[in-house]
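J.: Have a look at the structure that comes next, please.
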Amino acid sequence: MTEELSPPAVFATLDDEYARDILVATKTDRLSAKELSEECDMSRPTVSRRVNTLVEQGLLEEYTHVDPAGRHYREYEARLERIEVLLQDEGFDIHIDVRPDPADRITSIFENMRGD
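Every letter in the sequence shown is one number past the one before it in the UniProt record's numbering, and letter 88, counting from 1, is 88.
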């Protein structure tokens, strides 16, 4: 994700208990909407709305999973690593750290190998 995250938008999202639960549940495992619904004890429409917001903000990564029978479904994994809020003389300094996009990580690895 190359664009800067909007701290007010991220804070508004994190103010939502369901969004926080989804981020925590997907911190270590990729989960489908059905699994999130069960894990977080929320309805599928609630999961869907929160997941869409989290993906749009770059806080959640979406993957397509193909099972052995050939069925496709989406899985989600948290990208949010840390939010740091520092009180400065002129206001707040806010840093939001997310894990890089997987494609960006691969590009970065190859660029480092080539010495770019």
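A virtual CB, placed ideally from N, CA and C, is assigned to each residue, including glycine. Keep in mind the model is a prediction, meaning the values are calculated, not measured.
Please state the DSSP three-state secondary structure of Ala78.
T.: To locate residue 78, count along the sequence shown from 1; it is residue 78. Strand.
J.: Would you grab the beta carbon distance between Tyr73 and Ser48 for me? Rounded to a whole angstrom, and I think it's under 8 Å.
T.: One-based indexing of the sequence shown puts residue 73 at position 73. One-based indexing of the sequence shown puts residue 48 at position 48. That belief does not hold up - the Cβ atoms of Tyr73 and Ser48 are roughly 13 Å apart, past 8 Å.
J.: What does a CB cutoff of less than 6 Å around Asp27 pick up in its chain, not counting 5 residues either side in sequence?
T.: Here residue 27 corresponds to residue number 27 of the sequence shown, with the count starting at 1. The sequence as given places Lys at residue 27; Asp does not occur at that position. These residues qualify, in order along the chain: Ala78.
J.: Taking just the CA atoms, how far does Val98 sit from Val10?
T.: Reading the sequence shown from its first residue, position 10 is the one you call residue 10. Reading the sequence shown from its first residue, position 98 is the one you call residue 98. Those two C-alpha atoms are separated by around 12 Å.
J.: For Glu38, list the residues DSSP reports as bridge partners.
T.: For this step, residue 38 is matched to residue 38 along the sequence shown. Paired residue(s): none; Glu38 is not in a bridge.
J.: Could you compute how far the alpha carbon of Glu4 sits from the alpha carbon of Ile96?
T.: For this step, residue 4 is matched to residue 4 along the sequence shown. For this step, residue 96 is matched to residue 96 along the sequence shown. Approximately 9 Å, taken between the alpha carbons.
J.: Determine the direct distance from the alpha carbon of Met42 to that of Arg71, and round the result to whole angstroms.
T.: Here residue 71 is taken as the residue at index 71 of the sequence shown, counted from 1. Here residue 42 is taken as the residue at index 42 of the sequence shown, counted from 1. Straight-line Cα distance between these residues: approximately 24 Å.
J.: By a C-beta neighbour count over all protein chains shown, 10 Å radius and 16 as the cutoff for buried, is Tyr63 buried or exposed?
T.: Working through the sequence shown from its first residue, we reach residue 63 at position 63. Answer is exposed; the Cβ neighbour count stays below 16.
J.: Using 7 Å as the threshold, is the C-beta distance between Tyr76 and Val51 below it?
T.: What you label residue 76 is simply residue 76 of the sequence shown in a count that begins at 1. What you label residue 51 is simply residue 51 of the sequence shown in a count that begins at 1. Yes, they are a contact pair.
J.: Any idea if Gln88 is buried or exposed, counting beta-carbon neighbours within 10 angstroms, 16 or more meaning buried?
T.: For the purposes of this step, residue 88 is identified with residue 88 of the sequence shown, where counting begins at 1. Exposed: under 16 other Cβ atoms inside 10 Å.
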